[in-house]
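Undergrad: Following our numbering, the numbering of the sequence shown begins with 3 at its first residue and continues without gaps.
Glycine included, every Cβ here is placed at the ideal spot set by N, Cα and C.
Let me give you the structure first, and then I'll get to my questions.
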Amino acid sequence: MSHQGYVPIFQAPDEMTANLIKAILEAEGIDALVHSHQVAWMDSIMVTAEGFWGDVLVREEEAERARKILEAYEAGSGFETKEEEDQ
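Structural data, given as structure tokens:
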């Protein structure tokens, strides 16, 4: 699958969060992809190495709108990003 024309807008701490973010964006009409940084046989070692599970990507022209949607979602639902959890 080509990610050409897509940009990362969210670093997900785990697969469930990545798929939740993808679903939120798709419900708003934004095409989103989940890109795992994991190596299957290494059992999440990349989370430790990189600090996150993977990225949620959207088309470059939709990135600003997608970020605003996620900001509104985070403000209204108590959803916390990885950075907020670490504080």
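Take the Cβ of ILE71 as the centre, count every other Cβ of all protein chains shown within 10 Å, and call the residue buried at 16 or more, exposed below.
TA: Taking the sequence shown and counting its residues from 1, the one referred to as residue 71 is at position 69. Burial call: buried.
Undergrad: Taking a contact to mean a Cβ-Cβ separation below 7 Å, would you say LEU35 touches TYR8 in this structure?
TA: Residue numbering aside, residue 35 sits at position 33 when the sequence shown is read from its first letter. Residue numbering aside, residue 8 sits at position 6 when the sequence shown is read from its first letter. Contact: yes.
Undergrad: Could you pull the DSSP bridge partners for ASP57 from this structure?
TA: Along the sequence shown, read from residue 1 onward, the residue named residue 57 stands at position 55. In DSSP, ASP57 forms a bridge with GLN13 and HIS37.
Undergrad: Have a look at PRO10 and ALA25 and give me their C-alpha separation to the nearest angstrom.
TA: Locating residue 10 in the sequence shown gives position 8, where the first residue counts as 1. Locating residue 25 in the sequence shown gives position 23, where the first residue counts as 1. If I take the Cα positions, the gap works out to 15 Å.
Undergrad: Kindly list the residues whose CB is nearer than 7 Å to the CB of LEU37, restricted to its own chain and excluding five residues on each side of it in sequence; keep chain order.
TA: Numbered from 1 along the sequence shown, position 35 holds the residue referred to as residue 37. The sequence given here has His at residue 37, not Leu. Only HIS5, GLY56, ASP57 and LEU59 meet the Cβ criterion.
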